[in-house]
Every structure is written in C-alpha cells, then in structure tokens.
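K.L.:
Residue numbers (full-length UniProt numbering): 1 to 669.
The structure under discussion is supplied below as structure tokens; questions concerning it will follow.
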Amino acid sequence: MNNDEWVYQYPIGKFVERQGWKIHISSEYNSSHELLQDVAKICHEMRIPFKHLSTEDKFIMRNGKLVSRGFSGKFITCYPNQNELESVLQRLESALKQYNGPYILSDKRWDEAPIYLRYGVFRPSRDDEKKVAIDELIVGDEVVKDERLPVFKIPKGIVPPDFLNKWLDKKDKKQGDFPFIIDNAIRFSNSGGIYNARLKEDGKKIILKEARPYTGLGFDGTYSSEKLASECKALKILNEWSETPKIYWHGKIWEHTFLGIEHMKGVPLNRWVTNNFPLYEVVDKTKDYLLRVSKIVEKLIDLTNKFHSKNVYHQDLHLGNILVKDEDEISIIDWEQAVFSNDEKVVHKVAAPGFRAWRETLPSEIDWYGIRQIAHYLYMPLVTTSDLTYNYVSQTRIEGKKLFESLGYTREHIDYVESLLSYLDSKCPQIENISRKKVLKPMHEIRTIESEQDIQDFIIKLLRGFTLTYGQWRKEFQSRFFPVHYYGLNFNQGIAFSDLAILWSYQQLAKKVKNFKFDDYYEIRTQVINEAVNNFKKSSLSGLFDGKIGTIWLIYEFGEIDRAVELFTTHFIEIFENSQNKNLYSGQAGILLVGLYFLSKGEIDNKLGEEILIRLREYTLNYIENPETFCKVGASDVQSNDPYENFGGLLYGHAGVAWLFGEAYKLTG
1 MNNDEWVYQY PIGKFVERQG WKIHISSEYN SSHELLQDVA KICHEMRIPF
51 KHLSTEDKFI MRNGKLVSRG FSGKFITCYP NQNELESVLQ RLESALKQYN
101 GPYILSDKRW DEAPIYLRYG VFRPSRDDEK KVAIDELIVG DEVVKDERLP
151 VFKIPKGIVP PDFLNKWLDK KDKKQGDFPF IIDNAIRFSN SGGIYNARLK
201 EDGKKIILKE ARPYTGLGFD GTYSSEKLAS ECKALKILNE WSETPKIYWH
251 GKIWEHTFLG IEHMKGVPLN RWVTNNFPLY EVVDKTKDYL LRVSKIVEKL
301 IDLTNKFHSK NVYHQDLHLG NILVKDEDEI SIIDWEQAVF SNDEKVVHKV
351 AAPGFRAWRE TLPSEIDWYG IRQIAHYLYM PLVTTSDLTY NYVSQTRIEG
401 KKLFESLGYT REHIDYVESL LSYLDSKCPQ IENISRKKVL KPMHEIRTIE
451 SEQDIQDFII KLLRGFTLTY GQWRKEFQSR FFPVHYYGLN FNQGIAFSDL
501 AILWSYQQLA KKVKNFKFDD YYEIRTQVIN EAVNNFKKSS LSGLFDGKIG
551 TIWLIYEFGE IDRAVELFTT HFIEIFENSQ NKNLYSGQAG ILLVGLYFLS
601 KGEIDNKLGE EILIRLREYT LNYIENPETF CKVGASDVQS NDPYENFGGL
651 LYGHAGVAWL FGEAYKLTG
C-alpha cells in the first residue's frame, strides 16, 4: 500500500476497524529518525498498524509554511482498535516524553509528548461493509463527513470511551495575557497568523506576526520561530532608518512567539507598477514615469548599501516586499530570511518567481540580484522567466527602451534609467554559458525576426520543446498529460488549465508551420480527448475557462463535432443552472457565449436554440436591472493572478459581459 508520500506497515492477519481514534505523532526535524524508531518498536510489539512519511523531503513539506493547516505536522499515524487505544497511548506517552513537535491543529494533544488524537476513517470499506466514500464516517445509521479542519472536532454522534472523557474536559496549558488586541487576520499559514492589531497599553496600531513552534520548516532546516527571530534581530540593527518597521513588542505567549512591528504605509511595488506603468500614452501625460522609477531605484540602491554596512542581508527582495507611499517614498518589509554574515556562498532557497539568484553566491549578491530584478521590472514588467532563462532581462530591457522611445520619453531619461540597470547588472555575478543546447538552462540570445523563415524556425523550436517536455513529464507523472501552472493543478476541464487546452494551443501553433511533423500527435490527442470525456461528469465546475462548457468548445474545435454536439445538447441546461456566478471566466457569460457559438454554427435543434435565447434574455434583463449583482462596478479591489480573487476586466468583470452582448447582437440583430 505504500505510495509516494506514505510508508504503511500492517501486521499480517490483523483486523483493523474501519474508523476510530487516530493517533497522530509529530516531531521536530533533528530527532525525527529516533522518534520513528521508538514508535515503530512499540507498534511492532503491539501489532498496531501505522504509517509514516516516506522521506525527509516529505517531512519538510508536511511541516512547511504553506501546507494546509488541516494536514500539517502529521509525521506518523497509528490505527489502534478501540480496545487497544488506552494501552497504546500509555506506552507511547512514556516513550516519547523527551521529544518535541508541532501542535497538530486538527487534533487535541494527549499529554506532554507530541501525541495527538482525532476521530476519523482508518481504511476504505470492505465488500461486506456499507459502501461509503473514504472521507465519510458511519455513525449509527447515518453517514457523516470526516472533516479535516484546522480545529479539533468530534463528529456528531460519536461516543468516546470512558477513559477519554477526562482528557476531553482538560484544557491545553496556556499562560500569559495578550498585551495586544487583534482586530483582524491578514492571512494564516501553517506557521501562524499575521494580524492587524493594537497594543493594549497605548492603542498603537501594529502588524502582529505569529510563529508556532516547529512549523514553517524550510529545506535549510530552520523553523518559523527562528525566522521570526532573524526578522526581530534585523529590525533592531536597522532601527535608525525609517524605511524599515520599528519593533513595538516581541516575546513568547504560551508556546507561540510574537513580533509586533510598525504598520508601514504604502502599496506593494507591483501594485504601484500596475497603477503607473505607461503602456499606453494616455496613462502618463506628464512623461514623469522614468523620473519616478529613477528615484525609487536610487533609494533602493542607497538602502541596500546602508543595510549591508551593518552586515544585514535581506535575502528575499522582490516587488511584494517593497512598499511605496506618497511622494514615491519606499520602505522594505518582511525580513524573516535575513542573515548576518557575508563570508560564505549560499544557494538562494527562498525567492519569488523571477527573483531567484543563479548558482551559489554571496548573500550580498543575492540582495543585489533582487534589486536588479526589481529595477528591470520597473522598466519592463516581465521578469518571471528569469528563473528559466539566464539574463532574460537583457531582452526585456531592449523592449523597454523601444516602448519608451515610442511613447516620446526623452533620451536623457531613458539613458539614465539604462545606466542604473547597467550598474545593477554589474553588481551581480556572471555565469559562463557552457552549453547552448541545454533545455531550460542558462541561455542568452537576442533574437531578431527578419523574415517569415525566422518565425517558422522559432515556432519549430517551441514545438520540439513541447514534445520533449511531454515525454519527460509522462515518465514521472500519470495524473496529467502536461505540466501546468499551480493555479490549475486541481482543474482539468475548460480552456485555462486543462490538458485539452494545452494540446489545442500547440495544435494552433503547429498550423502555422509548413510540413511540421508532430510526433505521436494523433495518439496523444485521442488519449487527451477521451480522458476529458471520461472525467466530464466528475467535474463540478461549469465555466468556459475552468469547467465543462470550455471542454465542450475545445472538443468541437478539435474536430470531434458529433461528440461535442452530443455533450452540449445533453448537458447545456444543467451546466447553465449549476453555474454559481455571471462572469466570462467561470460563469453564465461564458456558458451563453458558447451557446451562441453552437447556435451560429447551426449544430443544435430549434428547441435548444430557443432555450439558449430565453436564458440570454433573462440574463440581459437582470443585468440591465442591477449590473452590480453580476460583478463590481469600477476597479477591482483585489490585484491578483488568482482567477477566483479577481472581479474586473474581460474575464471577471463587465467587459466580458459586454463581449457576450456584442456576440448576441451580431447573431440576432
């Protein structure tokens, strides 16, 4: 039963109850091997089934900052039958008292050792048992969801054994009074929360950071509490400068460490760029964008030199950690990765996409790489590919210069920003490119398009990369045909992230090349389409970009017209009625747009065509009556790449609705 994450150990011939009180055991990293040996010895002697994480890497990820709080911390799970539970707990408690580990939020701690309990499912149902899902409990005659929440909860109807009642009544040991009032949470992670808070003493507003013990483990072996201590140390050293937050409170309450710091004003630098970058001439009538960029970059260079003079190295400089306030004054936040020595070269382990320094390098050079990437982003906001293509920003720099020349910026302003970029480039170590043919390795080549053949050659290279990537990916992963952005890991329908959509995009690319042989294309296409159809009913999402209607459109575009029409005819009404919102991306606008498309192709009968037009009319009248119920009027409150946090623009806002109405007008007059 072993899998990639867990190693299972079951005694031969042992009957295991389907559900019961799970024993979860956590551990801190350095003693995890010894703890596992002690637990395994007890379980083997008592014939208790158990599982444990398979590798150290899995252990680190299970205890990382971003892991789900409902699953975090669980290193070993034991599955005792109820008549064995008390004796197993006693032996484990006696053997593990000297160990430490993170608190498992979904459970309640047993005693002093890192042992936790929760009632839940042990195994799938057998043939002679009631058929329920693996995440469902049988309680009497009812089926109850086995919820894995970041809070301890006994499922309704479960009666604990007598010896657990005293334990259930016992409160966890806590001490100390909070010297602050928490107003609201900014965000939660496995490591704890970040809050808007006020000091009780004087009402001063603060940002409060929390670190739970033995959580937020990184591959460098450090925990969130150590990182919070690093931030505290850095801010104390840099206290003389107003561009870093002041410390107002720090200390430990119960087992948790807290750091209360100054609430710095301003917006993240990426938001500032979104609001100010002059992609269109009308945005920057005063032509002062490059002057403002120069001021920001100069300030970043000055601050970096000052911080380095104090032997403080930030190590995570990116757009989100730079705040810009009035008059373009800046501050630098989030110092938890800070180090205080520049003597040895290190690997840059924690970095935002596009900001990871190449090769082992000095901490000071990691900081300069971050400042360099920020400066290039301000000039042309395209740096993410820098993680894959060495010196990628040298290409975006050329495009930035072309843009600002076309918008009428002065040669003086352009040249000055270019001089700052050259200075920052010189602060970063260079890498020798020893192989120009390596896939996704250091590669720097300025490409110029001078003929149709250049375009053909470039497309052929992209297509060859596709076939190579597909072959490598399928050797390691079976759940998807192609790699996908992490936003799309849980979606395999629609035109945004599905395997079907990825293949379709490459098919469109291949059409632009004469006589290109797409290796195994038809076999891959058949497999991908069949997979999409087989999983069609499993999807709960309806939308054009994330759900069923998008899949139907793609199947039609692949030339599988009969299959697409059958799916559309069978499921359109159900898809429309199950849709939860009105936008183009995932809602009724996208569904109706595909409906109009099929109507325009003459692929559906009159009855279904009338149904589409009736729903379109109702949608239109509802929009006219109250457009704010469809999507926010005005700019979106959230600037995010997450499609479920956006509420404006073409995909998520009124522009998408307008597209639907435009297509409806063209079709119906």
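Glycine included, C-beta positions come from ideal geometry on N, C-alpha and C.
Computed from a prediction, not measured in an experiment: that's the story for all the values here.
Check whether the stretch 299-319 and the stretch 246-264 are in contact - that is, three or more C-beta pairs closer than 8 Å.
P.N.:
Counting C-beta pairs closer than 8 Å gives fewer than three between the stretch 299-319 and the stretch 246-264, which falls short of the contact rule.
K.L.:
With H, G and I counted as helix, E and B as strand and the rest as coil, what does DSSP make of Gly-13?
P.N.:
For this step, residue 13 is matched to residue 13 along the sequence shown. The answer is coil: DSSP assigns Gly-13 none of H, G, I, E or B.
K.L.:
For a test of the three-state rule: what should DSSP assign to Arg-91, helix, strand or coil?
P.N.:
On the sequence shown, position 91 is the one that residue 91 refers to. Correct three-state label for Arg-91: helix.
K.L.:
Write down the C-beta distance between Ala-95 and Asp-38 rounded to the nearest angstrom, noting that I regard them as a contact closer than 8 Å.
P.N.:
Within the sequence shown, residue 95 is the residue found at index 95, counting from 1. Within the sequence shown, residue 38 is the residue found at index 38, counting from 1. About 5 Å separates the two Cβ atoms, so the contact holds.
K.L.:
Please report the distance separating the alpha-carbon of Glu-147 from that of Ser-191.
P.N.:
Counted from its first residue, the sequence shown places residue 147 at position 147. Counted from its first residue, the sequence shown places residue 191 at position 191. Each residue's alpha carbon lies about 21 Å from the other.
K.L.:
When the Cα atoms are used, what is the spatial distance from Leu-317 to Leu-269?
P.N.:
The residue you call residue 317 lines up with position 317 of the sequence shown. The residue you call residue 269 lines up with position 269 of the sequence shown. About 11 Å.
K.L.:
Spatial neighbours of Lys-295 within its chain, please: C-beta separation below 6 Å, excluding the five flanking residues on both sides.
P.N.:
Indexing the sequence shown from 1 puts residue 295 at position 295. If we look at Lys-295 and ignore the five residues flanking it on each side, its Cβ neighbours are Asp-328.
K.L.:
Quick one: residues in its chain with C-beta nearer than 8 Å to the C-beta of Lys-205, no 5 flanking neighbours on either side, listed in chain order?
P.N.:
Within the sequence shown, the letter at position 205 stands for residue 205. Excluding sequence neighbours, Lys-205 sits near Asn-196, Ala-197, Arg-198 and His-263.
K.L.:
When the Cα of Thr-570 is compared with those of Tyr-377, Glu-611 and Lys-582, which residue comes out closest?
P.N.:
Working through the sequence shown from its first residue, we reach residue 570 at position 570. It is Glu-611 whose Cα lies nearest to the Cα of Thr-570.
K.L.:
In angstroms, rounded to a whole number, what distance separates the CA positions of His-314 and Ile-182?
P.N.:
Along the sequence shown, read from residue 1 onward, the residue named residue 314 stands at position 314. Along the sequence shown, read from residue 1 onward, the residue named residue 182 stands at position 182. Whole-angstrom Cα-Cα distance: 28 Å.
K.L.:
Jot down the residue ranges of each uninterrupted beta strand (DSSP E) in the stretch 96-181, minimum 3 residues, whole runs only, in chain order.
P.N.:
115-121, 136-139 and 142-145
K.L.:
Is the distance from the Cβ of Leu-463 to the Cβ of Leu-509 below 8 Å?
P.N.:
Along the sequence shown, read from residue 1 onward, the residue named residue 463 stands at position 463. Along the sequence shown, read from residue 1 onward, the residue named residue 509 stands at position 509. In this structure, Leu-509 lies closer than 8 Å to Leu-463 by Cβ.
K.L.:
Is it right to say Gly-648 is buried, meaning 16 or more other beta carbons lie within 10 angstroms of its own, or is it exposed?
P.N.:
Locating residue 648 in the sequence shown gives position 648, where the first residue counts as 1. So Gly-648 ends up on the buried side.
K.L.:
For the beta strand (DSSP E) that contains Leu-259, what are its first and last residues?
P.N.:
As a first step, residue 259 must be located in the sequence shown, where it is residue number 259. Run containing Leu-259: 256-262, per the beta strand (DSSP E) assignment.
K.L.:
Given a threshold of 16 other Cβ atoms within 10 Å of its Cβ, counted over all protein chains shown, does Gly-400 qualify as buried or as exposed?
P.N.:
One-based indexing of the sequence shown puts residue 400 at position 400. Gly-400 should be labelled buried.
K.L.:
Just verifying my parser: in three-state terms, what is the DSSP assignment at Gly-251?
P.N.:
Mapped onto the sequence shown, residue 251 falls at position 251. Reduced to three states, the DSSP call for Gly-251 is strand.
K.L.:
Under three-state DSSP, which class holds Asn-490?
P.N.:
As a position in the sequence shown, residue 490 is number 490, starting the count at 1. It is coil, neither helix nor strand.
K.L.:
Does the count of Cβ pairs from the stretch 448-460 and the stretch 375-383 closer than 8 Å reach three?
P.N.:
Put simply, the stretch 448-460 does not touch the stretch 375-383. Fewer than three CB pairs are less than 8 Å apart.
K.L.:
Can you list, in chain order, the residues of its chain whose CB lies under 6 Å from that of Arg-91, leaving out five sequence neighbours each side?
P.N.:
Locating residue 91 in the sequence shown gives position 91, where the first residue counts as 1. Ile-42.
K.L.:
For Ala-229 and Asp-288, what's the separation of their Cα atoms in angstroms?
P.N.:
Within the sequence shown, residue 229 is the residue found at index 229, counting from 1. Within the sequence shown, residue 288 is the residue found at index 288, counting from 1. Straight-line spacing of the CA atoms in Ala-229 and Asp-288 works out to 41 Å.
K.L.:
How far does the beta strand (DSSP E) with Cys-428 in it extend, from its first residue to its last?
P.N.:
As a working note, residue 428 is residue 428 in the sequence shown. No beta strand (DSSP E) contains Cys-428, which DSSP labels as neither H nor E.
K.L.:
Start and end of the beta strand (DSSP E) containing Trp-553?
P.N.:
Position 553 of the sequence shown, counted from the start, is the residue given in the question as residue 553. No beta strand (DSSP E) holds Trp-553; the alpha helix (DSSP H) holding it covers 548-557.
K.L.:
Using CA atoms only, rank isn't needed, just tell me which of Ile-524, Phe-572, Leu-584 and Lys-74 is closest to Ile-105.
P.N.:
Position 105 of the sequence shown, counting from 1, holds the residue named residue 105. Before going on, a small fix: residue 105 reads as Leu here, not Ile. When Ile-524, Phe-572, Leu-584 and Lys-74 are compared, the shortest CA-CA separation from Leu-105 is found for Lys-74.
K.L.:
Should Tyr-470 go down as buried or exposed, given a rule of 16 or more other Cβ atoms within 10 Å for buried?
P.N.:
Residue numbering aside, residue 470 sits at position 470 when the sequence shown is read from its first letter. Classification for Tyr-470: buried.
K.L.:
When you compare the CB positions of Val-267 and Leu-323, do they come within less than 8 Å of one another, or not?
P.N.:
Against the sequence shown, residue 267 aligns to sequence position 267. Against the sequence shown, residue 323 aligns to sequence position 323. Yes, the pair counts as a contact, with Cβ atoms nearer than the cut-off.
K.L.:
For a test of the three-state rule: what should DSSP assign to Tyr-313, helix, strand or coil?
P.N.:
The residue labelled residue 313 in the question sits at position 313 within the sequence shown. In this structure, Tyr-313 counts as strand in the three-state DSSP scheme.
K.L.:
I'd like to know if the stretch 21-34 and the stretch 46-63 are in contact, where contact means that at least 3 CB-CB pairs between them fall below 8 Å.
P.N.:
Between the stretch 21-34 and the stretch 46-63 there are three or more inter-stretch CB-CB distances shorter than 8 Å, so the stretches are counted as touching.
K.L.:
Any chance you could list the beta strand (DSSP E) runs of at least 3 consecutive residues sitting entirely within the stretch 480-536, in chain order?
P.N.:
none
K.L.:
Helix, strand or coil for Leu-208, going by three-state DSSP, please let me know.
P.N.:
Position 208 of the sequence shown holds residue 208. Leu-208: strand per DSSP, three-state reduction.
K.L.:
Under 8 Å by Cβ, that's how I've got Val-144 and Gly-157 pegged, so tell me the actual separation to the nearest angstrom.
P.N.:
Along the sequence shown, read from residue 1 onward, the residue named residue 144 stands at position 144. Along the sequence shown, read from residue 1 onward, the residue named residue 157 stands at position 157. Rounded, the Cβ-Cβ distance is 7 Å, consistent with contact.
K.L.:
Which same chain residues end up closer than 6 Å to Pro-627 when comparing Cβ atoms and leaving out the 5 residues on each side of it in sequence?
P.N.:
The residue you call residue 627 lines up with position 627 of the sequence shown. Result list for Pro-627: empty, nothing under 6 Å.
K.L.:
Whose C-alpha, out of Cys-631, Gly-13 and Ser-27, is nearest the C-alpha of Arg-47?
P.N.:
As a working mapping, residue 47 is identified with position 47 in the sequence shown. For the residues Cys-631, Gly-13 and Ser-27, the minimum Cα distance to Arg-47 belongs to Gly-13.
K.L.:
Can at least three beta-carbon pairs, one atom from the stretch 497-506 and one from the stretch 533-541, be found at a separation below 8 Å?
P.N.:
Cβ pair count under 8 Å is below three, so no.
K.L.:
What residue range does the alpha helix (DSSP H) around Arg-271 cover?
P.N.:
Walking along the sequence shown from the start, residue 271 turns up at place 271. From DSSP, the alpha helix (DSSP H) with Arg-271 extends over 269-276.
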